[in-house]
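Numbering (our numbering), first residue to last: 436 to 717.
The structure is reproduced here in structure tokens:
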């Protein structure tokens, strides 16, 4: 038989104070954990003196790193008077930025219209519909570049109706990572980080996080990962030589590059799930 237990005592709070202290979903963006990849490192024969970490961005409420720039771009638009209650947030996306914008738009009361390739996964479309976003689907053979062109056309036809975050050219994208992701990684590693590796889509994560880490220590190596060629489709990443290059990307910035094919990317995603218990998707 279990004896009844009294709840712990707590200082009295008035209802207004409770409401002030309660924080909404947007307060959960950022401060994600840094997880060691011990089994992957061991199975790859990496020296025990080297520790591999993965930044667990799926802990963000929208499920990805893109929540950070989505919030930053919306708040930047609000501060600059570009986004108001009567405007629709319009963006081209391969999925994750769209989810972040749709979630934040719902939380803040904005309408959201997203332009994306038709072959984006059914699950992502379902999430976006659940947040109330309107979807405009484009030719999958044109990839994200086709979605960008269509978003540009829609905005040009009715600029007073839309707020266009333009994640590929908006400095608020990389600045979000400069202010948050880079600081978190530095603090979570105690300043011992030596390399930072990130895929290139908009390049915001790579540029912002990399710049912050290099400000702390210029010897930190920043490595860019991109698809091996234009036929190597890895959702969310760009093969820069054959794509519309983001305006926020500086090709001279990375210290090195790694070309990855879809088979290798899928294999590592599978290994992370089966060897580390981390379901990272692809």
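All C-beta atoms, glycine included, are put in the ideal place defined by N, C-alpha and C.
In this text, all values refer to a predicted model and were calculated from it rather than measured experimentally.
- If one requires a minimum length of 3 residues, the beta strand (DSSP E) runs lying completely within the stretch 449 to 530 are 469 to 471, 488 to 490, 523 to 527, in chain order.
- Closest in alpha carbon position to residue 716, among 558, 686, 621, is 558.
- Residue 672 is positioned such that its CB atom lies closer than 9 Å to that of residue 662.
- Linking residue 513 to residue 481 through their CA atoms gives a straight-line distance of about 47 Å.
- A direct Cα-Cα distance of roughly 19 Å separates residue 613 from residue 488.
- Assigned with DSSP and collapsed to three states, residue 549 falls in strand.
- DSSP lists 695 as the beta-bridge partner residues of residue 662.
- Taking the Cα positions, residue 529 is about 13 Å away from residue 548.
- In terms of CA proximity to residue 509, 525 leads the group 499, 553, 581, 525.
- Under the 8 Å Cβ criterion, the stretch 465 to 482 counts as touching the stretch 619 to 633, having at least three qualifying pairs.
- Nearest in C-alpha terms to residue 569, of all of 523, 516, 685, is 523.
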